[in-house]
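Enquirer: Okay, handing you the structure first.
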Amino acid sequence: MPEVIDGFTHTEYLTVFIAIIFGYVGAEYFIGWGSMIRNRAKITIYWQHVLWTLFAFLVLIQNWWGIWPRTKVINDSIYYFLYSLVPIFLFHLISVVLFPNFTPNEAVDMKEHFYKNTRWFFALLSVYFVMTIVSSFVYPDIGNVLVQNSIRAMGVGLASAAAYFHKAKVLHYTLLIIGYISLAGFFIALPS
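The structure is reproduced here in structure tokens:
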């Protein structure tokens, strides 16, 4: 029986912290989109950048959904708990790369910003996908893990290629389409 203090278990205690961190990282995306809207007179929006920010946010949400069965394990060791924070940290770094530090009265071309940061963005995305494959072995996973890991492995390959060929715009368009199709497939593979 887990130790309980006033009806509050240690696992619940750790889960609340993780929820706060997820909320903070999610807020970074909302702040970025909000800044783009508030400064729209000075910002040149780029459709691909917007779709990638939405994709990254949806993957963050999928990660939040997928950690539910892992919450019972995070209390087993501090290493499980610390390891559970790494993907959230990667999403924070992705948000930092995707959204510039908007300053008042400064013109920003989001297409220029996106292509200046594509190598970092796709490298971080690739690291995230590698981590999700490793996580499926570290934690007990739910759903069809073989299908999920196949989609993740494809993500590693495509994101790595996009990071290496960071100026290949056609590859980025293709990866965007494949990314959304794969994300839809991944959502379907997850149990509800």
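Quick note, this note's numbering runs 2 ahead of the 1-based positions in the sequence shown.
Even glycine gets a Cβ: it sits at the ideal position worked out from N, Cα and C.
All figures in this text were calculated on a predicted structure; none of them were measured in a lab.
Checking 8 Å against the spacing of the C-beta atoms, do T13 and T73 come in under that value?
Expert: A contact, by the Cβ cut-off of 8 Å.
Enquirer: Does DSSP put V75 in a helix, a strand or coil?
Expert: Of the three classes helix, strand and coil, the one that applies to V75 here is coil, per DSSP.
Enquirer: Whose C-beta lies closer than 8 Å to the C-beta of I47 among residues of the same chain, with five residues either side of it excluded?
Expert: M38 and M112.
Enquirer: Starting from I69, follow its DSSP beta bridges and name the residues at the other end.
Expert: DSSP, once it has assigned bridges, lists no residue as partnering I69.
Enquirer: Tell me the rounded alpha-carbon separation between V110 and I45.
Expert: Rounded to whole angstroms, V110 to I45 spans 5 Å at the Cα level.
Enquirer: For F10, write down the residues that DSSP places opposite it in a beta bridge.
Expert: DSSP output for F10 lists I7 as bridge partner(s).
Enquirer: Flag this pair as yes or no: are the beta carbons of L232 and Y130 separated by less than 8 Å?
Expert: Nothing can be reported for residue 232, as the shown portion of the chain is limited to 3 through 194.
Enquirer: Could you check if T105 is buried or exposed, using at least 16 other CB atoms within 10 Å of its CB as the buried criterion?
Expert: Exposed.
Enquirer: How big is the Cα-Cα spacing for L127 and V149?
Expert: In a straight line, the C-alpha of L127 is about 19 Å away from that of V149.
Enquirer: Between the Cα of A58 and those of I96, Y85 and Y26, spot the shortest distance and give me the residue it belongs to.
Expert: Of the candidates I96, Y85 and Y26, the one whose C-alpha sits nearest the C-alpha of A58 is I96.
Enquirer: Bridge partners of T46, per DSSP?
Expert: T46 pairs with D111.
Enquirer: Return the residue from the list V18, L178, H51 and Y85 that minimises the CA-CA distance to E114.
Expert: Measuring from the Cα of E114, the nearest candidate turns out to be H51.
Enquirer: If you count every other CB in all the chains shown that lies within 10 Å of the CB of I80, and 16 or more means buried, which is it?
Expert: Flag for I80 reads exposed.
Enquirer: Spatial neighbours of V27 within its chain, please: C-beta separation below 7 Å, excluding the five flanking residues on both sides.
Expert: Contacts found: L62, I90, F93, H94 and S97.
Enquirer: Going straight from the alpha carbon of N77 to that of N41, what length do you get?
Expert: Approximately 44 Å, taken between the alpha carbons.
Enquirer: Exposed or buried, what is A186 when buried is set at 16 or more other beta-carbons lying within 10 Å of its beta-carbon?
Expert: Exposed, because fewer than 16 other Cβ atoms sit within 10 Å of the Cβ of A186.
Enquirer: Is V158 closer than 8 Å to V136 when the C-beta atoms are compared?
Expert: Their beta carbons are not under 8 Å apart, which means V136 does not touch V158 by this criterion.
Enquirer: Is it buried or exposed, N103, if we count other Cβ atoms within 10 angstroms and call 16 or more buried?
Expert: Answer is exposed; the Cβ neighbour count stays below 16.
Enquirer: Among the residues of its own chain, which have a CB less than 6 Å from the CB of I23, if the five just before and after it don't count?
Expert: Closer than 6 Å at Cβ, skipping near neighbours: I90.
Enquirer: Could you check where the alpha helix (DSSP H) with Y82 kicks off and where it finishes?
Expert: Start and end: I80 to L100.
Enquirer: So, for L196: in the same chain, excluding its five sequence neighbours on each side, which residues have a beta-carbon less than 8 Å away from its beta-carbon?
Expert: No statement about residue 196 is possible, as the shown extent of the chain runs from 3 to 194 and does not include it.
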